[in-house]
Amino acid sequence: MTQDAQCLICKRQEEESNPDIVLETKSFVVRHSRETNILGYLVIEAKRHILDLTEASDEEAVGYGSLLKQVMSLIRKLTGAERIYTFSLGEAVPHFHVHVIPRTDSLPRYFRGRGIMSYPLEPGLKEEQMQEVCKSLRYIVKTSAIEP
């Protein structure tokens, strides 16, 4: 895959093992976010260093749509979320990645809808929680119709 030596996402993807990865396809990696304490907050990252879908191949774009549907199903199975938010900004890290965030009943009203953008980045999940939720997500992938 085309990589950028200065890119945070490219560097992370070059690591030999990343315990946060819950699903991987030919073109994308899906990992659990360490940015907040929201269980089931996943990030879809392009393996190839592209800024957005305008730079994606047709195969990558079609694969992304299918993967997004699968990831949303995965999150719903794990969390029972009523809504699942998605967004991609690419400002801080200019590498195509999409935040996929469950909105459960326990999320305070002021963080719902656009309010999710002001959800605190700290504290993140504790390491034990991160390992457990990633294990649960990988189990759901393995035992359901979700295709890697």
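Residue numbers (the numbering used here): 7 to 154.
Just so it is clear, CB atoms sit at the ideal spot from N, CA and C, and this is done for glycine as well.
By the CB criterion at 8 Å, Pro25 and Gln137 fall inside the cutoff. Taking Ile81 as the centre and dropping the five residues before and after it, the same chain places the C-beta of Gly46, Leu48, Ala87, Ile90, Val106, Pro108 closer than 7 Å to its C-beta, in chain order. A contact between stretches requires three or more CB pairs, one per stretch, nearer than 8 Å, and the region 115-131 meets this requirement with the region 34-43. Take the alpha-carbon of Met78 and the one of Ser72: they are about 10 Å apart. Per the C-alpha coordinates, the member of Gln76, Tyr145, Glu61 positioned closest to Thr31 is Gln76. Judged by their CB atoms, Ser33 and Arg54 are nearer to each other than the 8 Å cut-off.
Taking a C-beta distance under 8 Å as the contact criterion, Leu29 and Val104 do not qualify as a contact pair.
Around the beta-carbon of Val139, 16 or more other beta-carbon atoms lie within 10 Å, marking it buried.
Of Asp58, Ile122, Ala62, Arg120, the smallest CA-CA separation from Leu95 is found for Asp58.
Per DSSP, Val99 lies in no beta strand (DSSP E) and is assigned neither H nor E. In the three-state reduction of the DSSP assignment, Tyr91 falls in the strand class. Short of 7 Å from the beta carbon of Ile56, and not among the five residues preceding or following it, lie these beta carbons of its own chain, in chain order: Ala62, Phe102. In its chain, beyond the 5 residues on either side, Gln19, Ile27, Glu51, Lys53 have a beta carbon closer than 7 Å to the beta carbon of Val35. Counting along the chain, Ile81 sits inside no beta strand (DSSP E); it lies in the alpha helix (DSSP H) bounded by residues 64-85.
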